[in-house]
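Enquirer: Here you go, one structure.
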Ligand code: NAD
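Okay, here's the thing in C-alpha cells:
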C-alpha cells in the first residue's frame, strides 16, 4: 500500500514509518518538525519507498499533495503534552482540531483508510477500571481547567472520525496509553519515562508530581506501532482500540525502577501539581485499558515488559547525551 503518516518524524510516527517500510509499504511522511526531528528518520533516509515532506496538516494544499495516491493515512500529527495543554491551550485546540478535519475531508474524497491517533486521556476522570472503548461514562473536567482541552479536542476529533465513518469512510481509532521508548521527548513537555531516564542518567533528581501513587500502564513504542499498523485490517474499520499495557505501575514505583535499571543514585523528590501546573490542576488517579477488543480484532498483545523497555530506552538516551533530545 501507499501510506501517509502525518507526524511521521515524531516519536511514535518515526517508529511506525520504519515498521511500514519494513513490511513492504510505500510511505510518505508529512511533518512540520515542531517536535519531530529529521534524524529520527535516519534509519530510513534515502529509502526508495520513502518520501519525506516538510509541511503542516493545517495546510490543505500540502496535505492534499502528500495524500495523493495513498490508500491509507495514519494521522499522528498533534500538539500534545500535559504542560502544553496547561500553558498553550489555543495551540493545543487548533493543532488538534484543524488538521484532523482536513485529513478526514481529504481522505474521504479519496476513500483512503484513516487511522487516527487518540489517547487514554479521553476517558477523563472515569475510574471504572478497566476502560472499555465504547463505555459512555467518561467525565471530562470543566472547560475552565485548561488541562482538559487536549482530551476534549481529541474526543471531538473522534466524533469527526465516527461521523465520517457513517458517511462510508473506512477509519479506525487507536487510543495510546502512555507510550514510551527511544525518541520520546525528555523535555518538560515530554513523557514521564524519558524525563526520569534523562535525570537518572545525569544523577539529577527524579521529580514526581503529586503524591506519586497515581498509576499508569506504560506501553513500549514497538508494541504501540504493531497495534497501530494492525488497524489496516478491514475488520478494524469503524472501531476504536485501546493500545496499552495491562500492567499498571505507580509513578513512585516507576521512578524506583528507572533508578534500578540505570544504576542511578539520583534522589526522588516530590513536587506538588500546583507548583508545576498552577492552581486547579486535576490528575487521574488510575488508567487501565481493557485489551479484549484490540486482542480479538487486531491480534494485539503488549510483548515488551517494562524492565526490558526501560533498558532499551535508557540505552538510546545514553547515545543521545549532548544532542538536545
Ligand atoms: P510527537 O510530538 O513526538 O509527535 C507528533 C508529531 O507531529 C511531531 O513530529 C510533530 O513535529 C508533528 N506535528 C505537530 N503538529 C503538526 C502539524 N500541524 N503538521 C504536521 N506535523 C505536525 O508525539 P508522539 O508521542 O509521537 O504522538 C503521536 C500521536 O500519538 C499524537 O497524535 C498524540 O496525541 C498521540 N498520543 C501519544 C501518546 C504518547 O504516550 N506518546 C499518548 C496518547 C496519544
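Numbering (our numbering), first residue to last: 184 to 508.
Where is the CB? At the ideal position from N, CA and C, for every residue including glycine.
(1) When you measure from the CB of residue 339 to every non-hydrogen atom of the ligand NAD, does any distance come out below 7 Å?
(2) Tell me whether the region 416 to 428 and the region 375 to 384 touch, counting them as touching only if at least three CB pairs, one residue from each stretch, are closer than 8 Å.
(3) Confirm the yes/no value for this check: CB of residue 275, any heavy atom of the ligand NAD, distance under 7 Å.
(4) For residue 186, list the residues DSSP reports as bridge partners.
(5) For the ligand NAD, any of its heavy atoms closer than 7 Å to the Cβ of residue 361?
(6) Would you check whether the ligand NAD has a heavy atom nearer than 7 Å to the C-beta of residue 367?
(7) At a cut-off of 7 Å, would you count residue 260 as near the ligand NAD, judging by its Cβ distance to the nearest heavy atom?
(8) Leaving aside the five residues before and after residue 392 along the sequence, list all residues of the same chain whose C-beta is less than 7 Å from its C-beta, in chain order.
(9) If I follow the unbroken beta strand (DSSP E) through residue 426, where does it start and stop?
(10) Using 8 Å as the threshold, is the region 195 to 215 in touch with the region 262 to 269, meaning 3 or more CB pairs across them?
(11) Find the nearest neighbour of residue 405 within the set 413, 399, 255, judged by alpha-carbon distance.
(12) Should the region 339 to 351 be called in touch with the region 481 to 492, which here means at least 3 C-beta pairs below 8 Å?
(13) Go through the region 310 to 352 residue by residue and report every complete run of the alpha helix (DSSP H) that reaches 4 residues or more, in order.
(14) Using the Cβ count rule (16 or more neighbours within 10 Å means buried), how would you classify residue 565?
(15) Does the Cβ of residue 216 have 16 or more other Cβ atoms within 10 Å, making it buried, or fewer, making it exposed?
(16) On a CA-only basis, which of 218, 253, 252, 230 is nearest residue 238? Give me that one, please.
(17) When the Cα of residue 202 is compared with those of 253, 224, 326, 250, which residue comes out closest?
(18) Consider the Cβ of residue 461: report whether some Cβ of chain C lies at a distance smaller than 8 Å.
(19) By a C-beta neighbour count over all protein chains shown, 10 Å radius and 16 as the cutoff for buried, is residue 371 buried or exposed?
(20) Using the beta-carbon count (16 or more within 10 Å), is residue 278 buried or exposed?
(21) In three-state terms, what does DSSP make of residue 502?
(22) When every heavy atom of the ligand NAD is checked, does at least one fall within less than 7 Å of the C-beta of residue 280?
(23) Going by beta carbon distance, what residues of the same chain come within less than 7 Å of residue 227, once the five residues before and after it are set aside?
(24) Would residue 314 pass as a contact of residue 473 if the rule is Cβ separation under 8 Å?
(25) Which ranges does the beta strand (DSSP E) cover as unbroken runs of at least 3 residues, wholly within the region 399 to 485, from first to last along the chain?
(26) Per DSSP, what kind of secondary structure is residue 307 in: helix, strand or coil?
(27) By Cβ distance below 6 Å, which residues in the same chain neighbour residue 291 in space, the five residues on each side in sequence not counted?
(28) Any idea which residues DSSP pairs residue 362 with across the strands?
(29) Leaving out five residues before and five after residue 306 in sequence, what residues of the same chain have Cβ atoms less than 6 Å from its Cβ?
(30) Quick check: is any heavy atom of the ligand GTP less than 7 Å from the C-beta of residue 496?
(31) How far does the alpha helix (DSSP H) with residue 372 in it reach, from first residue to last?
(32) Report whether the distance from the Cβ of residue 263 to the nearest heavy atom of the ligand NAD is below 7 Å.
(33) My understanding is that residue 363 touches residue 496, with C-beta atoms under 8 Å, so please give their C-beta distance in whole angstroms.
Expert: Taking the geometry as given:
(1) no
(2) no
(3) no
(4) 210, 255
(5) The answer is yes for residue 361.
(6) yes
(7) yes
(8) 454, 456, 459
(9) 422 to 426
(10) no
(11) It is 413 whose Cα lies nearest to the Cα of residue 405.
(12) Flag = no, the region 339 to 351 and the region 481 to 492 do not touch.
(13) 331 to 349
(14) Residue 565 lies beyond the stretch modelled for the chain, which goes from 184 to 508, so this question has no answer here.
(15) exposed
(16) 218
(17) 224
(18) Included in the structure is just one protein chain, with no chain C present.
(19) exposed
(20) So residue 278 ends up on the buried side.
(21) helix
(22) no
(23) So the qualifying residues of the chain are 200, 201, 204, 233.
(24) yes
(25) Scanning the region 399 to 485 for uninterrupted beta strand (DSSP E) segments of 3 residues or longer gives 422 to 426, 451 to 454, listed from N- to C-terminal end.
(26) strand
(27) 347, 352
(28) Assignment of beta-bridge partners to residue 362 by DSSP yields 402.
(29) 314, 321
(30) The ligand GTP is not among the ligands present in this structure, which contains only the ligand NAD.
(31) According to the DSSP assignment, residue 372 belongs to no alpha helix (DSSP H), since it is labelled neither H nor E.
(32) yes
(33) 6 Å
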